[in-house]
Amino acid sequence: MRSDGDPAAARTLAEAVALTGRVDRATHGFHTYPASMNPDAARLVIDRFPGPVHDPFCGGGTVLVEALLAGRRASGSDLSWVATLVARARTADPALATPLRSRARKLAEAARRRVDHPLPEEILRWYEPHVAQELARLRAGIRAVAERPVRDLLWAVFSSIVVKTSFRESDTSNRRVPHHRPPGTTAVLFHKKARELGRMLEQLPAGAEARVRRGDARRAPPPPDTGLVLTSPPYPGVYDYLPMQQLRLLWMGEDLAGDARRAYVAEVGARRDFRARGRAAAFRRWREDTAAWIATQAGGLARGGALVVVVGDGLVGGRLVDALSPTVEAMRAAGLRVLARASADRPDHARGAIRTEHLVAAVRA
Ligand SMILES: C[S@@+](CC[C@H](N)C(=O)[O-])C[C@H]1O[C@@H](n2cnc3c(N)ncnc32)[C@H](O)[C@@H]1O
2 MRSDGDPAAA
12 RTLAEAVALT
22 GRVDRATHGF
32 HTYPASMNPD
42 AARLVIDRFP
52 GPVHDPFCGG
62 GTVLVEALLA
72 GRRASGSDLS
82 WVATLVARAR
92 TADPALATPL
102 RSRARKLAEA
112 ARRRVDHPLP
122 EEILRWYEPH
132 VAQELARLRA
142 GIRAVAERPV
152 RDLLWAVFSS
162 IVVKTSFRES
172 DTSNRRVPHH
182 RPPGTTAVLF
192 HKKARELGRM
202 LEQLPAGAEA
212 RVRRGDARRA
222 PPPPDTGLVL
232 TSPPYPGVYD
242 YLPMQQLRLL
252 WMGEDLAGDA
262 RRAYVAEVGA
272 RRDFRARGRA
282 AAFRRWREDT
292 AAWIATQAGG
302 LARGGALVVV
312 VGDGLVGGRL
322 VDALSPTVEA
332 MRAAGLRVLA
342 RASADRPDHA
352 RGAIRTEHLV
362 AAVRA
């Protein structure tokens, strides 16, 4: 652990960067999302910097949930439609919990009746036939729900079981593994997940709801008055966030995703970019993208507002890619004063390496 800068801010960042592991408070445990920020770390930073909170790479919405729990206004955006679906569901109005549960119960009952739906081969190959049919019946039921806010929550519940019920090993792996589910249990799982989300939503403050949009962080500024931009952008060359959601796109793309495929080119730091262009060219692009999103977010901050970034070094072809210096340089170039930073080493067991994660805070004068 290393930290420097303003002593009080550096202490908060050092405490936050040291936190790892799962936190199941409120809606955090609903739906998997890769590379989530630690909720306790987000909370420490939120408590230190006042004002409305914005996260332009909001992923599954960890920062937004913590901002709402801290009684703050919260907004977020992300390029990925799955991210915005999940972030909206995790920060939805708790009053929707009751209609969600009753709708989900009816849909689960209807999904047990034998009505077969035609499905494309690219979906069928990932499921046992009866599981694919239960999912198809649930999907048809959700499409027919008229109230948009409840329908979106039902889509998020559906999304939470799409990979779990398939032959895919996990969200982050496309490997095919054996999987057996007795008939009827997919609909039961859907109902169970909806009840779970309902219970979780009831732990959020009444009436609080985050504003979540799809958008490119390099272009979409935070709402006026934002006091804190707290975010964790993609680390260079570590994940392919958008293609990872391919199976969900096959099921729900038509209903929800809009131009999801076109968004692929705007993804920052994608692993596929490092493979296709080579390390040097892809890193150059990551630096330019970092400069662009930091300038856009810094430009939208209120006077005295803070930008706090969680960023980790990449690992490409077994070699580390430094993420800290381009981030600090971009903050300075955007006219911010760098306040403090803290860094901690994280073992990457899958790749047999140690990568460093950094928390950097800067303020607008
Ligand atoms: C490290 S994850 C964020 C995880 C989030 N902090 C959480 O707790 O769930 C990075 C996110 O950046 C998004 N992303 C990649 N390129 C983007 C861009 N140009 N604009 C906005 N979001 C982007 C990805 O879709 C992914 O959700």
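So for the sequence shown, my numbering puts the first residue at 2; every next one is plus one. Positions of the beta carbon are idealized from the N, C-alpha and C atoms, including for glycine.
Closest to residue i by CA distance: which of the options is it?
i, options, result
"Val311", "Gly6, Ala133 and Val64", "Val64"
"Pro179", "Thr92, Glu170 and Gly185", "Glu170"
"Lys322", "Ala43, Ala27, Asp79 and Gly238", "With the sequence shown as reference, residue 322 is identified as Val, and Lys is not the correct amino acid for it. Of the listed residues, the one whose Cα sits closest to Val322 is Gly238."
"Gly60", "Phe50, Pro40, Glu67 and Val83", "Val83"
"Arg212", "Val87, Ala17, Ala9 and Phe191", "Val87"
"Thr186", "Ala299, Arg272, Val132 and Arg140", "Val132"
"Gly318", "Ala307, Arg278 and Gly336", "Arg278"
"Leu80", "Gln246, Gly72 and Ala27", "Gln246"
"Val66", "Glu210, Thr21 and Tyr34", "Glu210"
"Val266", "Gly216, Asn39 and Glu135", "Gly216"
"Leu229", "Pro206, Ser103, Val364 and Pro40", "Val364"
"Ala334", "Ala296, Gly30, Leu202 and Gly313", "Ala296"
"Gly208", "Ala98, Asn175 and Glu110", "Ala98"
"Ala105", "Met38, Arg196 and Arg12", "Arg196"
"Arg26", "Tyr34, Ala19 and Asn39", "Asn39"
"Phe58", "Pro223, Val329 and Arg91", "Pro223"
"Ala188", "Glu135, Asp153 and Ala354", "Glu135"
"Tyr330", "Ser161, Val361 and Gly305", "According to the sequence as given, residue 330 is Glu; it is not Tyr. Residue Val361 is the option with its Cα nearest to Glu330."
"Asp290", "Glu110, Arg280, Lys107 and Arg220", "Arg220"
"Asn175", "Ala264, Gly62 and Tyr242", "Tyr242"
"Val309", "Ser233, Arg352, Ala366 and Ala145", "Ser233"
Looking at ligand 1, does it come within less than 7 Å of residue i, judged from the CB to the closest heavy atom?
i, result
"Met201", "no"
What's the gap between the Cα of residue i and the Cα of residue j?
i, j, result
"Ala15", "Gly142", "48 Å"
"Arg74", "Val54", "6 Å"
"Asp5", "Ala68", "26 Å"
"Tyr236", "Thr227", "24 Å"
"Glu268", "Ile47", "26 Å"
"Ala10", "Leu251", "45 Å"
"Tyr240", "Pro121", "27 Å"
"Arg200", "Leu101", "11 Å"
"Val163", "Arg249", "7 Å"
"Leu155", "Pro95", "14 Å"
"Gln204", "Arg276", "43 Å"
"His32", "Lys165", "10 Å"
"Ala258", "Ala292", "28 Å"
"Gly300", "Phe50", "17 Å"
"Arg113", "Lys193", "15 Å"
"Ala372", "Ala43", "A query on residue 372 cannot be resolved here, the shown segment of the chain reaching from 2 to 366 and no further."
"Ala157", "Arg3", "39 Å"
"Gly270", "His359", "16 Å"
"Thr357", "His118", "49 Å"
"Trp127", "Val151", "28 Å"
"Arg214", "Arg347", "31 Å"
"Ala324", "Arg182", "43 Å"
"Gly313", "Ala343", "12 Å"
"Leu231", "Ala93", "20 Å"
"Gly62", "Thr173", "18 Å"
"Arg320", "Ala36", "20 Å"
"Ala307", "Leu45", "14 Å"
"Arg260", "Arg89", "The identity of residue 260 in the sequence shown is Asp, whereas the question assumes Arg. Rounded to whole angstroms, Asp260 to Arg89 spans 19 Å at the Cα level."
Taking 7 Å as the cut-off, is the beta-carbon of residue i closer than that to any non-hydrogen atom of ligand 2?
i, result
"Leu257", "By its list of ligands, the structure shown excludes ligand 2, since it contains just ligand 1."
Identify every run of the beta strand (DSSP E) within the region 322-354, keeping only runs that are complete inside it and at least 3 residues long; order them along the chain. 337-349
Whole beta strand (DSSP E) elements within the region 44-125, 3-residue minimum: 54-56 and 75-79
Which residues have a Cβ closer than 5 Å to any heavy atom of ligand 1, listed in chain order? Tyr34, Ala36, Ser37, Met38, Phe58, Gly60, Gly61, Thr63, Asp79, Leu80, Ser81, Ala84, Asp217, Ala218, Ser233, Pro235, Tyr242, Ala267, Glu268 and Val269
Secondary structure, alpha helix (DSSP H): runs of 4+ residues fully inside the region 227-277: Within the region 227-277, the complete alpha helix (DSSP H) runs of at least 4 residues are 247-253 and 261-264.
At what residue ranges does the region 153-207 contain a whole run of the alpha helix (DSSP H), taking only runs of 4 or more? 186-202
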